[in-house]
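Residue numbers for the sequence shown follow the working numbering, beginning at 51 and rising by one.
Where a beta carbon is used, it is the ideal one built from N, C-alpha and C, also for glycine.
See below for the structure under consideration.
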Amino acid sequence: MLKNELIKNSPLRILEKSVHGGVGRGNIGVLAARQGVGKTACLVHIATDKLFQGKHVIHVSFAASPSHIISWYEDIFEELSRRLNLENAMDVHDELVKNRVIMNFNQEGVPIEKVAASLRSMIKDGGFSTDCLIIDGYDFERGSPADFLVLKQLAADLELEIWFSASLREKEVSFDAQGFPALLTPYVEHIAVFIYLKSEEGVIRLELKKDHEHIPQADLHLKLDPKILLIMDDK
């Protein structure tokens, strides 16, 4: 399969159509789930799809050791190229790597303003024209809506699309009256697209809880296959 065909046939086109074109520049999308359900796999698949389109991605990890992030990218690219018989896979791989930067921060020791300043410097002063920012491992319990707004302002200023992961530690996740995880209730007004990963009977389903100002679809018809770490059509 040619790269253009892979982009066109990606199940992520279903996601974009479902949320009226995607998260959009200047906006924030959040993927939430309990620990170990597949948030990072989803984020990396979304980022890899952006890279296939020739876009530039910065992946920010707040994990203690970010070395596993590269492994996620390698594994997902390998699975995509194998399953879809991607032509000139190694040439495509090298092209994608050039358009990706991975950065690591300690949320406890680095103020969010400094994180934003470092990203702004990389993009503006470093000449890395970025389309999408992935933020993985951010602790919403430790953070605050004020910190979140710093990154939302960065998205608006630099016309970035930002995707967060949100880890829900409770064994039984509690939801507010609007159907959002209680942990994220203070943040909801600042989130454009919110997706909840629900694990049931060996399948991880993507449930759309917020779609900009639209009423979200009841079912995205997308799932994360835990065996191959890819978002797939569930029809």
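DSSP three-state assignment for residue i, whether helix, strand or coil
i	result
LYS36	The structure shown does not extend to residue 36, since the chain is modelled only from 51 through 285, so no value can be given for it.
VAL200	helix
LEU270	coil
LEU183	strand
VAL80	strand
ASP284	coil
From the options, residue whose alpha carbon lies closest to that of residue i
i	options	result
ALA205	LYS174, PHE190 and GLN228	LYS174
LYS164	GLY229, LEU201 and LEU134	LEU201
ILE152	ASP144, ASN138, PHE112 and GLU128	PHE112
GLY159	TYR188, ARG133, HIS143 and MET172	TYR188
SER68	ILE245, PHE230 and SER171	ILE245
SER215	CYS92, LEU52, MET51 and GLU55	CYS92
ASN77	SER217, SER249 and GLN203	GLN203
ARG219	LEU56, GLN157, ASP283 and ARG84	ARG84
ILE57	GLU191, LEU130, LEU199 and LEU270	LEU130
LEU52	SER115, THR90, ALA114 and ARG133	ARG133
ILE278	LEU101, ALA166 and ILE126	ILE126
SER249	ASN54, ASP144, GLY176 and GLY86	GLY86
VAL122	SER217, THR90 and ASN138	Strictly speaking, residue 122 in this sequence is Trp, with Val absent from that position. If we check each option's Cα against that of TRP122, THR90 comes out closest.
HIS143	ASN156, PRO161 and GLU124	GLU124
Burial state of residue i, where buried means 16 or more other Cβ atoms lie within 10 Å
i	result
ASP99	buried
ASP186	buried
ARG150	buried
LYS148	exposed
PRO231	buried
HIS109	buried
GLY229	exposed
ALA82	buried
ILE120	exposed
LEU136	buried
SER217	buried
GLY79	buried
- Query: Are the segment 211 to 223 and the segment 62 to 79 in contact at 8 Å, needing three or more beta carbon pairs?
  - Reply: yes
- Return the chain-ordered ranges of every alpha helix (DSSP H) run that is complete within the segment 187 to 267 and spans a minimum of 4 residues. 195 to 208
- Task: Examine the Cβ distances between the segment 179 to 198 and the segment 60 to 67 and report whether three or more of them are shorter than 8 Å.
- Result: no
- Task: For the segment 108 to 176, list the beta strand (DSSP E) runs that are entirely contained and at least 3 residues long, ordered along the chain.
- Result: 150 to 154
- Given 8 Å as the limit, is there contact between the segment 85 to 100 and the segment 229 to 236, that is, 3 or more CB pairs closer than that? no
- Item | Segment contact flag, the segment 215 to 234 with the segment 262 to 269, C-beta cutoff 8 Å, min 3 pairs | no
- Would you call the segment 167 to 184 and the segment 101 to 111 touching, i.e. three or more CB-CB distances under 8 Å? yes
- Three CB pairs or more closer than 8 Å across the segment 247 to 264 and the segment 273 to 280: yes
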